[in-house]
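Structure record follows, encoded as C-alpha coordinates.
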(Lines of atoms letter the chains of each structure in order from A and count residues from 1; the text may use other names and numbers.)
(Lines give C-alpha, C1' and ligand atoms only; values in the text may rest on other atoms or scores of the structure.)
Protein backbone atom coordinates (compact mmCIF):
# COMPACT_ATOMS: atom_id res chain seq x y z
CA UNK A 1 0.00 0.00 0.00
CA UNK A 2 1.40 3.30 -1.10
CA UNK A 3 1.06 6.44 1.02
CA UNK A 4 1.76 10.03 0.23
CA UNK A 5 3.11 10.92 3.68
CA UNK A 6 6.49 11.88 2.23
CA UNK A 7 4.90 14.08 -0.47
CA UNK A 8 4.94 17.40 1.53
CA UNK A 9 8.68 17.01 2.17
CA UNK A 10 9.25 16.33 -1.50
CA UNK A 11 7.35 19.52 -2.40
CA UNK A 12 9.36 21.52 0.13
CA UNK A 13 12.61 20.18 -1.29
CA UNK A 14 11.50 21.04 -4.83
CA UNK A 15 10.48 24.53 -3.78
CA UNK A 16 13.80 25.10 -2.02
CA UNK A 17 15.74 23.85 -5.02
CA UNK A 18 13.75 26.14 -7.32
CA UNK A 19 14.38 29.17 -5.12
CA UNK A 20 18.10 28.43 -4.96
CA UNK A 21 18.30 27.95 -8.71
CA UNK A 22 16.47 31.22 -9.39
CA UNK A 23 18.62 33.09 -6.90
CA UNK A 24 21.78 31.85 -8.56
CA UNK A 25 20.51 32.98 -11.95
CA UNK A 26 19.35 36.40 -10.78
CA UNK A 27 22.70 38.16 -10.64
CA UNK A 28 22.93 41.93 -10.54
CA UNK A 29 24.35 43.43 -13.73
CA UNK A 30 27.66 45.29 -13.58
CA UNK A 31 27.30 48.95 -12.55
CA UNK A 32 28.21 50.37 -15.96
CA UNK A 33 25.32 52.85 -15.89
CA UNK A 34 26.33 54.09 -12.43
CA UNK A 35 29.91 54.63 -13.61
CA UNK A 36 28.65 56.45 -16.72
CA UNK A 37 26.38 58.63 -14.58
CA UNK A 38 29.33 59.48 -12.33
CA UNK A 39 31.42 60.40 -15.38
CA UNK A 40 28.66 62.72 -16.61
CA UNK A 41 28.38 64.33 -13.17
CA UNK A 42 32.13 64.99 -13.06
CA UNK A 43 31.95 66.50 -16.55
CA UNK A 44 29.04 68.75 -15.52
CA UNK A 45 30.93 69.88 -12.43
CA UNK A 46 34.00 70.69 -14.49
CA UNK A 47 31.80 72.70 -16.87
CA UNK A 48 30.50 74.65 -13.87
CA UNK A 49 34.08 75.74 -13.03
CA UNK A 50 34.30 73.42 -10.03
CA UNK A 51 38.08 73.29 -10.52
CA UNK A 52 38.14 76.94 -9.50
CA UNK A 53 35.37 77.12 -6.91
CA UNK A 54 35.11 73.59 -5.44
CA UNK A 55 38.53 72.09 -6.09
CA UNK A 56 38.60 69.56 -3.25
CA UNK A 57 35.15 68.20 -4.05
CA UNK A 58 35.83 67.76 -7.76
CA UNK A 59 39.21 66.14 -7.06
CA UNK A 60 37.63 63.66 -4.65
CA UNK A 61 34.92 62.94 -7.21
CA UNK A 62 37.55 62.28 -9.87
CA UNK A 63 39.47 59.97 -7.55
CA UNK A 64 36.31 58.03 -6.70
CA UNK A 65 35.41 57.81 -10.39
CA UNK A 66 38.85 56.37 -11.15
CA UNK A 67 38.38 53.91 -8.29
CA UNK A 68 34.97 52.92 -9.66
CA UNK A 69 36.36 52.39 -13.15
CA UNK A 70 39.22 50.29 -11.79
CA UNK A 71 36.90 48.19 -9.65
CA UNK A 72 34.52 47.69 -12.58
CA UNK A 73 37.37 46.50 -14.78
CA UNK A 74 38.46 44.08 -12.04
CA UNK A 75 34.95 42.69 -11.62
CA UNK A 76 34.45 44.11 -8.14
CA UNK A 77 30.91 45.27 -8.88
CA UNK A 78 29.84 46.21 -5.35
CA UNK A 79 32.92 48.37 -4.86
CA UNK A 80 32.47 49.91 -8.31
CA UNK A 81 28.82 50.73 -7.63
CA UNK A 82 29.58 52.30 -4.26
CA UNK A 83 32.48 54.38 -5.59
CA UNK A 84 30.47 55.49 -8.63
CA UNK A 85 27.51 56.61 -6.51
CA UNK A 86 29.84 58.50 -4.17
CA UNK A 87 31.65 60.10 -7.12
CA UNK A 88 28.38 61.27 -8.66
CA UNK A 89 27.21 62.73 -5.35
CA UNK A 90 30.49 64.58 -4.78
CA UNK A 91 30.52 65.86 -8.35
CA UNK A 92 26.98 67.17 -7.93
CA UNK A 93 28.04 68.84 -4.68
CA UNK A 94 31.04 70.41 -6.44
CA UNK A 95 28.80 71.74 -9.21
CA UNK A 96 26.35 73.18 -6.67
CA UNK A 97 29.13 74.84 -4.67
CA UNK A 98 30.58 76.25 -7.86
CA UNK A 99 27.23 77.68 -8.93
CA UNK A 100 26.82 79.16 -5.45
CA UNK A 101 30.25 80.82 -5.61
CA UNK A 102 29.48 82.28 -9.04
CA UNK A 103 26.14 83.58 -7.78
CA UNK A 104 27.80 85.12 -4.71
CA UNK A 105 30.38 86.84 -6.93
CA UNK A 106 27.60 88.18 -9.16
CA UNK A 107 25.71 89.42 -6.12
CA UNK A 108 28.81 91.21 -4.83
CA UNK A 109 29.37 92.79 -8.25
CA UNK A 110 25.77 94.00 -8.43
CA UNK A 111 25.93 95.41 -4.91
CA UNK A 112 29.10 97.29 -5.81
CA UNK A 113 27.37 98.71 -8.89
CA UNK A 114 24.41 99.82 -6.77
CA UNK A 115 26.75 101.51 -4.32
CA UNK A 116 28.50 103.32 -7.19
CA UNK A 117 25.18 104.43 -8.67
CA UNK A 118 23.98 105.73 -5.30
CA UNK A 119 27.20 107.65 -4.90
CA UNK A 120 26.82 109.15 -8.37
CA UNK A 121 23.23 110.13 -7.66
CA UNK A 122 24.22 111.90 -4.45
CA UNK A 123 26.96 113.78 -6.26
CA UNK A 124 24.61 114.76 -9.07
CA UNK A 125 21.95 116.01 -6.63
CA UNK A 126 24.29 118.41 -4.86
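Residue numbers (full-length UniProt numbering): 1 to 126.
We put the beta carbon where it would ideally sit given N, CA and C, even for glycine.
This one's a predicted model, so the numbers in the text were calculated from it and none came from an experiment.
Using alpha carbons as the reference points, say which of 78, 103, 123 lies closest to residue 30.
The option with the nearest alpha carbon to residue 30 is 78.
Spatial neighbours of residue 86 within its chain, please: C-beta separation below 7 Å, excluding the five flanking residues on both sides.
Result list for residue 86: 64, in chain order.
From residue 81 to residue 118, what distance separates their C-alpha atoms?
Those two C-alpha atoms are separated by around 55 Å.
Kindly provide the ranges of any alpha helix (DSSP H) runs that are 4 or more residues long and lie completely inside the segment 19-104, ordered along the chain.
Those alpha helix (DSSP H) runs which fall completely within the segment 19-104 and span 4+ residues are 32-47, 50-53, 55-73.
Any idea if residue 28 is buried or exposed, counting beta-carbon neighbours within 10 angstroms, 16 or more meaning buried?
Exposed.
Using the Cα positions of residue 103 and residue 53, report the straight-line distance between them to the nearest angstrom.
Looking at the two C-alpha atoms, the distance is approximately 11 Å.
Out of 33, 122, 92, point me to the one whose CA is closest to residue 61's CA.
Ranking the options by Cα distance to residue 61, first place goes to 92.
My understanding is that residue 84 touches residue 34, with C-beta atoms under 8 Å, so please give their C-beta distance in whole angstroms.
Going by Cβ atoms, the distance from residue 84 to residue 34 rounds to 4 Å, so yes, they are a contact pair.
Using the rule of at least 16 other Cβ atoms within 10 Å of the residue's Cβ for burial, across every protein chain shown, is residue 114 buried or exposed?
By the 10 Å Cβ count, residue 114 comes out exposed.
Tell me whether the beta-carbon of residue 58 lies closer than 8 Å to the beta-carbon of residue 68.
Cβ atoms of residue 58 and residue 68: not closer than 8 Å.
Closest to residue 47 by CA distance: which of 116, 122, 97 is it?
Looking at the Cα atoms, 97 is the closest of the given residues.
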